[in-house]
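Start counting the sequence shown at 17; every next residue gets the next number (the working numbering). Just so it is clear, CB atoms sit at the ideal spot from N, CA and C, and this is done for glycine as well. Structure record follows, encoded as structure tokens.
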Amino acid sequence: MATISVLAYRLARTSGITARPVTDRQLTVCAVHFVGVDLAWGRRSPTGVAVLDAEGTLRHVGVAGGDADLLAHLDPWISDECVVAVDAPLVVVNESGNRPCEAALNRDFRRFDAGAHPANTGLAWFADGGRGARLCAALRLDLDPASCSPRRAMEVYPHAASIALFGLRRTLKYKQKSGRDLALLRSELLRLMDLIEGLRSAHPALDVDVDGWENLRQTVTGATTKARLRLAEDPVDAVLCAYIGRYAFERPQDVTVYGDTTTGCIVTPALPSRT
């Protein structure tokens, strides 16, 4: 087994919530899995799931339905050491407005169209803390990014990560919104897939040269409806989530943690000015 240096951020103790420097610690690496979850806020919508092994090879990619189906997708990969990177709020305690982590992230990323949506307990999705919190509690995952626990989770945000990882000036417009036609959504999603494939030469590397990824590409290129395109969108996002988890694990000095464990925190590759 190899030993690598893992950095942990220091929580903000002042009135402003900002990204914090990190301290050094050691962690022994075994057969860790990096799990990406593009979590639907509601139980009825599809959730993308992806798993990378310790070498960055895509081992699983798919779509889950309700909570039971999602847990079944995750179960084979999380019994041992794992980092579960979830695109959904994991800690929500504020009654209204943005969480401090969202406000801090938005100050850096809003100019790239990559601001985070507000999460608060005044929204029905989060009245009881939210689906992400329930999922992590059921799986007994540690939510502290500074933790050395062998099984832990972190909240991530692919839009912000794509800006930092790929040097984009604006987010890719592959999400359904009024005024975006199928051709635009498809071309932007294919561009994202191209960029993800380009991570094969990055540090850490990502290898998506597997049948599951090729099937997603075929789904995107052959989609004749937005609903069909959506079948690939969630798992593609999940692959990016899994990579963010591995990136944070391998390059913690190049990661920014917004917020804190009490009010919620978001982990993302740092913008160049912050590295």
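Residue range of the unbroken beta strand (DSSP E) whose run includes residue i
i	result
residue 68	63-68
residue 50	49-54
residue 123	Counting along the chain, residue 123 falls outside any beta strand (DSSP E), though it belongs to the alpha helix (DSSP H) covering 116-125.
residue 252	Where residue 252 is concerned, there is no enclosing beta strand (DSSP E), although the alpha helix (DSSP H) it sits in stretches over 242-266.
residue 139	It is not in any beta strand (DSSP E) - residue 139 carries neither H nor E in the DSSP assignment.
residue 80	74-80
Distance, residue j Cα to residue i Cα
i	j	result
residue 196	residue 242	10 angstroms
residue 200	residue 164	42 angstroms
residue 133	residue 186	16 angstroms
residue 175	residue 268	19 angstroms
residue 113	residue 135	7 angstroms
residue 140	residue 95	31 angstroms
residue 83	residue 159	19 angstroms
residue 239	residue 128	28 angstroms
residue 273	residue 232	31 angstroms
residue 137	residue 179	29 angstroms
residue 87	residue 71	24 angstroms
residue 44	residue 271	Legend: pLDDT at residue 44 = 42, less than 50; position of this residue unreliable, value from coordinates given subsequently. Answer to the nearest angstrom: the Cα atoms are 20 angstroms apart.
residue 48	residue 264	13 angstroms
residue 284	residue 192	23 angstroms
residue 131	residue 93	31 angstroms
residue 142	residue 59	13 angstroms
residue 279	residue 209	33 angstroms
residue 145	residue 111	11 angstroms
residue 227	residue 212	15 angstroms
residue 119	residue 104	16 angstroms
Beta-carbon proximity check, residue i vs residue j, cutoff 8 angstroms
i	j	result
residue 171	residue 106	yes
residue 296	residue 51	Any answer about residue 296 is impossible in this case: the structure gives the chain only from 17 up to 291.
residue 108	residue 90	no
residue 259	residue 188	no
residue 229	residue 67	no
residue 235	residue 248	yes
residue 177	residue 287	no
residue 261	residue 116	no
residue 223	residue 121	no
residue 147	residue 157	no
residue 282	residue 190	no
Where residue i falls: helix, strand or coil (DSSP)
i	result
residue 98	strand
residue 281	strand
residue 226	coil
residue 275	strand
residue 129	coil
residue 154	helix
residue 172	strand
residue 167	strand
residue 183	coil
residue 192	coil
residue 59	coil
residue 149	helix
residue 232	helix
residue 270	helix
residue 162	coil
residue 104	coil
residue 238	helix
residue 36	In this predicted model, residue 36 has a pLDDT of only 43, less than 50, meaning its place in the structure is not dependable; the value taken from the coordinates is given anyway. Looking at residue 36 - three-state DSSP - the assignment turns out to be coil, as it is neither helix nor strand.
residue 218	coil
residue 178	helix
Any C-beta of chain D under 8 angstroms from that of residue i
i	result
residue 281	Within the model displayed, chain D is absent; a lone protein chain is all it includes.
Limits of the unbroken alpha helix (DSSP H) element including residue i
i	result
residue 206	198-213
residue 287	First-last for residue 287: undefined, no H or E at that position.
residue 84	83-90
Any non-hydrogen atom of the ligand PLP within 7 angstroms of residue i CB
i	result
residue 170	You won't find the ligand PLP in this model; it holds no ligand whatsoever.
**Message:** I want to know whether the stretch 135-155 touches the stretch 94-103 - three or more CB-CB distances under 8 angstroms.
**Reply:** yes
**Request:** Answer yes if the stretch 204-215 comes into contact with the stretch 248-266, meaning at least three C-beta pairs across the two stretches below 8 angstroms, and no otherwise.
**Result:** Of all C-beta pairs linking the stretch 248-266 to the stretch 204-215, three or more are shorter than 8 angstroms, placing the two stretches in contact.
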